[in-house]
Amino acid sequence: MAQANALGLQTRDLVCARGGKTLFTGLNLSVAPGQSMHLQGDNGSGKTSLLRLLCGLSEPAAGELLWDGAPMAQVRETYLREMLYLGHALALKEGLSALENLHFAAALMDQAWSIDAATAALRQMGLRGREHLPLQVLSQGQKRRVALARLCLSPARLWLLDEPFVALDSPACTVLQGLMQAHVAQGGMVVFTSHQAVELSGGDNRSLRLGAP
64 MAQANALGLQ TRDLVCARGG KTLFTGLNLS VAPGQSMHLQ GDNGSGKTSL
114 LRLLCGLSEP AAGELLWDGA PMAQVRETYL REMLYLGHAL ALKEGLSALE
164 NLHFAAALMD QAWSIDAATA ALRQMGLRGR EHLPLQVLSQ GQKRRVALAR
214 LCLSPARLWL LDEPFVALDS PACTVLQGLM QAHVAQGGMV VFTSHQAVEL
264 SGGDNRSLRL GAP
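Laid out in structure tokens, this is it:
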């Protein structure tokens, strides 16, 4: 997965303002292939806002984002193909089954996931026997597992994950942690927020605390 001389994701002097309040200024962040970044900070420090900036859902008040050393404006289409964002909203359709939701997600990303691959991903996330059930009958934790199954299928180099461990039981947390570790070990990149203590083994695992003096 890692590319020769790939620089990954960088920010230069990033400034984020929301509702007339400046959340952070002069933020310089770098995540290279084979690295993870755990974003930490108190509520309101700008963790989710930063992820939204990184995935392109909002624009910085100032500063610059770069992908493999190029300004984001020049490589946005390439970046969007190589990045996967999972936020608080799970982006699932309640009336569709778990399998149908994965195929819907694949279509939105202009990808093709076989039924066998999608079924295997759901089972890896602990959803054996629930592949064909509509989302509306699943628990919140099971719905989150459906969303996280995309990680098993997507070829994205960079994962941006906002509180991915929320509503997961201990076995599911272990599976997710293993997925993140394997992605980094294979040269992928992960930027994530979590109020839980998360220790990823192997790879180059870093942390950044927003709102720190």
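Residue numbers (the numbering used here): 64 to 276.
Just so it is clear, CB atoms sit at the ideal spot from N, CA and C, and this is done for glycine as well.
- request: Please classify residue 243: does DSSP put it in a helix, a strand, or coil?
  value: helix
field: Cβ neighbours of residue 78 in the same chain (closer than 8 angstroms, five flanking residues each side left out)
entry: 85, 87, 88, 89, 90, 123, 124, 125 and 126
- request: Could you pull out every residue in the same chain whose Cβ sits closer than 7 angstroms to the Cβ of residue 94, ignoring the five residues on either side in sequence?
  value: 71, 72, 100, 252 and 254
- prompt: According to DSSP, is residue 163 helix, strand or coil?
  reply: helix
- prompt: Of all the options 168, 209, 180 and 145, which has the alpha carbon lying nearest to the alpha carbon of residue 228?
  reply: 209
query: Can you tell me where the alpha helix (DSSP H) with residue 112 in it begins and where it stops?
result: 110 to 118
task: Hey, could you find the ends of the beta strand (DSSP E) residue 127 is sitting in?
output: 125 to 130
- prompt: Given a threshold of 16 other Cβ atoms within 10 Å of its Cβ, counted over all protein chains shown, does residue 182 qualify as buried or as exposed?
  reply: buried
- request: Confirm, please, whether the CB-CB distance from residue 114 to residue 267 is below 7 angstroms.
  value: no
- prompt: If you follow the alpha helix (DSSP H) that residue 139 is part of, which residue opens it and which one closes it?
  reply: 135 to 144
task: Could you round the C-beta distance between residue 48 and residue 216 to whole angstroms and report it? I think they count as a contact, below 8 angstroms.
output: Nothing can be reported for residue 48: it is not among the residues displayed for the chain, which extend from 64 to 276.
- prompt: Does DSSP put residue 173 in a helix, a strand or coil?
  reply: coil
field: Contact the region 191 to 210 vs the region 159 to 172: 3+ CB pairs below 8 angstroms
entry: yes
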